[in-house]
Ligand code: GLC
Ligand code: CA
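Structural data, given as structure tokens:
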């Protein structure tokens with residue numbers, strides 16, 4: 001395997017809770033992942049990233065870890081993970097875990113010890129500031145919008161949490177904490193894990209506690225923990241550990257902006273690649289703007305070329321499905337988006353269900369929402385007070401719900417979609433009888449086979465792996481078009497991301513070439529390229545330059 005194998009590869013993200021339940025408790029499990037490895041092999045992906053399966057009270061579905069080196073029994077055991085790694089490797093698939101080291105659960109033994117007294121060994125594993133109740137050390141706000149500090153009676157001090165108060169932040173300034181984390185990481189490398197998705201990694205460093213938030217500084221009230229000075233020391237130490245183990249690493253690094261991200265990734269960077277967040281922006285009703293989507297991806301591609309490397313994605317466990325937010329819900333939309341992002345410069349990821357155009361949930365009762373979102377009962381009540389009907393209020397509060405993407409995987413059209421024999425932990429999408437894996441596999445025109453073709457195309461193409469990114473008709477508000485260029489070789493990609501016919505302007509430099517369309521199963525192929533090309537709703541085409 002060459003050092004740049006990841007440039008030819010595709011990742012698949014598994015949300016284990018919703019993938020496949022094999023023991024009839026309504027919750028997906030590690031055996032379920034093992035059972036479906038051949039399916040992933042058929043799709044053609046090269047590695048999987050599995051969301052956290054470690055011991056956890058599940059306040060944030062596994063992102064609140066109480067034991068880094070053991071498995072939550074609802075998912076299985078360490079032996080199951082051993083089997084998973086062995087089976088995946090036997091199929092040539094690499095396995096990435098989620099590395100959640102910005103915070104632990106408040107039930108982690110480190111935190112239990114840390115809060116118990118001011119002078120125990122673990123005290124400085126977390127951020128503590130002495131104080132009086134109702135008078136937090138500063139005005140920092142958590143991502144939930146409340147104070148980032150919670151008062152703890154036992155030692156009459158505040159601890160810091162940039163997420164939920166059940167997720168206290170680890171104090172990376174403490175070398176003993178860092179060593180404990182590095183030992184844990186090495187444990188997983190020794191276990192056979194091939195790499196990590198680095199959760200919330202750009203937040204490891206915090207500003208001095210006396211810094212009040214006075215302005216937005218581009219990062220809003222989160223400035224004191226977004227890519228703060230000093231973080232590079234930790235990243236450099238982590239990199240040494242990752243490199244020594246030949247790891248593949250993908251950073252969730254909000255606050256690292258596109259011009260800087262290049263130096264965080266690629267050769268010499270701290271991590272193999274980065275997930276940028278900006279293209280996900282949507283309004284309060286979860287509607288994304290296509291012009292913004294295109295503009296953001298275009299900017300990241302330009303800024304990351306040639307030095308940096310992106311993890312390319314449309315969906316994950318935190319955001320509603322792409323066809324729902326940016327498309328019109330149709331299979332045609334799922335395909336146009338697939339082509340648009342898949343051939344960019346970077347390593348594409350497919351989030352489970354994206355390959356069968358899964359489209360999210362339609363809630364009819366507040367109780368159907370998972371607990372994290374139900375905390376929005378207040379918002380629901382306030383909409384009712386404003387005069388909205390119960391359904392309108394529900395649509396408002398559920399618009400952004402992470403549940404849309406977390407609904408159980410739709411394997412077939414049997415009563416529980418083949419996900420479980422029990423009641424699934426979260427409701428199923430009502431369209432599972434139409435959109436499911438069984439049906440997709442029996443339809444040569446399905447989104448599944450489009451992804452299969454795109455993955456295969458990437459495996460073979462040095463041009464797609466290494467070519468430069470060049471925008472075409474930059475500023476077009478409907479069609480995302482670009483070229484990939486490597487020496488004499490050229491690729492031309494175009495996708496109309498709207499439900500209306502749209503025009504694409506092609507420059508002479510492109511029209512002069514002789515192009516051949518790549519068969520990606522589209523309904524209509526494009527006979528000739530013209531100065532102003534009219535593309536029907538969700539049409540896509542990919543061309544190779546004839547040599
Ligand atoms: C990341 C995860 C998200 C989690 C948060 C806290 O953003 O993707 O699911 O809630 O980190 O760990
Ligand atoms: Ca189960």
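Residue numbers (full-length UniProt numbering): 1 to 547.
In this text, a Cβ means the ideal position worked out from N, Cα and C, and glycines have one as well.
Query                                                                                                                                                                : Result
Leaving out five residues before and five after residue 43 in sequence, what residues of the same chain have Cβ atoms less than 8 Å from its Cβ?                     : 12, 350, 355, 448, 451, 452, 455
Take the Cβ of residue 119 as the centre, count every other Cβ of all protein chains shown within 10 Å, and call the residue buried at 16 or more, exposed below.    : exposed
Which word fits residue 175, buried or exposed, when buried means at least 16 other C-beta atoms lie within 10 angstroms of its C-beta?                              : exposed
Is it buried or exposed for residue 90, if we count other Cβ within 10 angstroms and need 16 for buried?                                                             : exposed
Taking C-alpha atoms, which residue in 284, 72, 485, 81 lies nearest to residue 463?                                                                                 : 485
Going by DSSP in three states, residue 168 sits in which element: helix, strand or coil?                                                                             : coil
So, residue 504 versus residue 523, is the Cβ gap smaller than 7 Å?                                                                                                  : no
Pairing CB atoms from the segment 270-287 with CB atoms from the segment 312-332, are three or more of them under 8 Å?                                               : yes
Looking at the strands, I want to know which residues DSSP matches up with residue 347.                                                                              : 311
Among the candidates 407, 297, 50, whose CA atom is the shortest distance from the CA of residue 479?                                                                : 297
If I'm right that residue 56 touches residue 105 with Cβ under 8 Å, what's the distance once you round it to whole angstroms?                                        : 6 Å
Check whether the Cβ atoms of residue 201 and residue 268 sit closer than 7 Å, and answer yes or no.                                                                 : no
Anyone know if the C-beta pair for residue 427 and residue 368 falls short of 7 Å?                                                                                   : yes
Tell me whether residue 511 is buried or exposed, calling it buried when 16 or more other Cβ atoms sit within 10 Å of its Cβ.                                        : exposed
Taking 6 Å as the cut-off, is the CB of residue 163 close to at least one heavy atom of ligand 1?                                                                    : yes
Going by Cα to Cα distance, which pick from 37, 359, 146, 99 is closest to residue 53?                                                                               : 99
Using only the alpha-carbon positions, how far apart do residue 457 and residue 412 sit?                                                                             : 28 Å
Sorry if obvious, but does the Cβ on residue 29 come closer than 6 Å to a heavy atom of ligand 2?                                                                    : yes
Tell me the start and end of each unbroken alpha helix (DSSP H) in the segment 400-449 that is at least 4 residues and wholly inside, in chain order.                : 403-406, 437-441
For a minimum of 3 consecutive residues, which ranges assigned as the beta strand (DSSP E) are wholly contained in the segment 463-514?                              : 468-471, 479-486, 489-496, 502-505
For residue 461, does the count of other Cβ atoms within 10 angstroms reach 16, so buried, or fall short, so exposed?                                                : buried
Our contact map puts residue 476 next to residue 538 with C-beta atoms below 8 Å; I'd like the distance itself, whole angstroms only.                                : Incorrect: roughly 15 Å between the Cβ atoms, too far for contact.
Tell me, please, whether the segment 465-472 touches the segment 291-306 by the rule of three or more beta-carbon pairs shorter than 8 Å.                            : yes
Looking at the structure shown, is residue 49 part of a helix, part of a strand, or coil, going by DSSP?                                                             : strand
Express the C-alpha separation of residue 336 and residue 326 in angstroms, rounding to a whole number.                                                              : 11 Å
So, under 8 Å CB-CB, residue 347 and residue 6 are touching, yes? Tell me the CB distance rounded to an integer number of Å.                                         : 5 Å
Assess, as a yes-or-no matter, whether the segment 127-144 is touched by the segment 31-38 under the definition of 3 or more beta carbon pairs within less than 8 Å. : no
Any chance the segment 385-399 sits against the segment 436-444, with 3 or more Cβ pairs inside 8 Å?                                                                 : no
Taking C-beta to C-beta, are residue 249 and residue 329 nearer than 7 Å?                                                                                            : no
With distances taken from CA atoms, which of 58, 38, 123 is nearest residue 92?                                                                                      : 38
Between the segment 239-247 and the segment 148-167, can you find at least three pairs of beta-carbon atoms closer than 8 Å?                                         : no
Spatial neighbours of residue 23 within its chain, please: C-beta separation below 8 Å, excluding the five flanking residues on both sides.                          : 29, 31
Quick one: what's got a C-beta closer than 7 Å to residue 559's C-beta in the same chain, skipping five residues either side?                                        : For residue 559 there is no data in the structure shown, the boundaries of the chain being 1 and 547.
Keeping to the same chain, check which residues put their C-beta closer than 7 Å to that of residue 292; ignore five residues upstream and five downstream.          : 281
Taking DSSP as the reference, what is the three-state secondary structure of residue 197?                                                                            : strand
At a cut-off of 6 Å, is residue 21 close to ligand 2 when judged by its beta-carbon and the heavy atoms of the ligand?                                               : yes
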